[in-house]
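In what follows, a single structure is set out as structure tokens and then discussed.
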Amino acid sequence: MLHINETRLSGNIDDGFVNINGYDIFRADRNREGGGVALYVKTAINAYSRTDLIPDGLEAICLEIRKNRSKPFFVITWYRPPNSLVEIFDKFEILIRNLEAEDKEYQIVGI
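Each residue of the sequence shown is one higher than the one before, starting from 2 at the first, in this note's numbering.
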């Protein structure tokens, strides 16, 4: 997996333009200058976007990874803009509570 913060991508940039062969891309674009996150996952890995767990206003991607004979787990990439207000940590705490309610292991990458 490849986690990228501050992608600077917007909706008018097609996934094919930033494609890496053998990987699926998951994006959360800010749609204005700066910010945004992307997560590349090998195509062979069963990864499902779980946007339902991410509170509004948090630049993050949450994927549920499912492997044979293993319990599903979450991989999250998160970006905190340098000028963000301290309230962003309240949203981050909501994300943590949402993940804990799923009763699955998780890994968070980002700043």
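A virtual CB, placed ideally from N, CA and C, is assigned to each residue, including glycine.
DSSP, read as helix, strand or coil, puts G111 in strand. Its Cα nearest to that of D57, the residue N99 stands out among R67, T44, N99 and A39. Between E60 and Y80, the beta carbon gap of about 4 Å places them in contact (Cβ cut-off 8 Å). With a minimum length of 3 residues, the unbroken runs of beta strand (DSSP E) contained wholly in the region 29-104 fall at 38-43, 47-50, 60-67 and 74-80.
About 14 Å separates the Cβ atoms of I62 and I46, ruling out a contact at the 8 Å cut-off.
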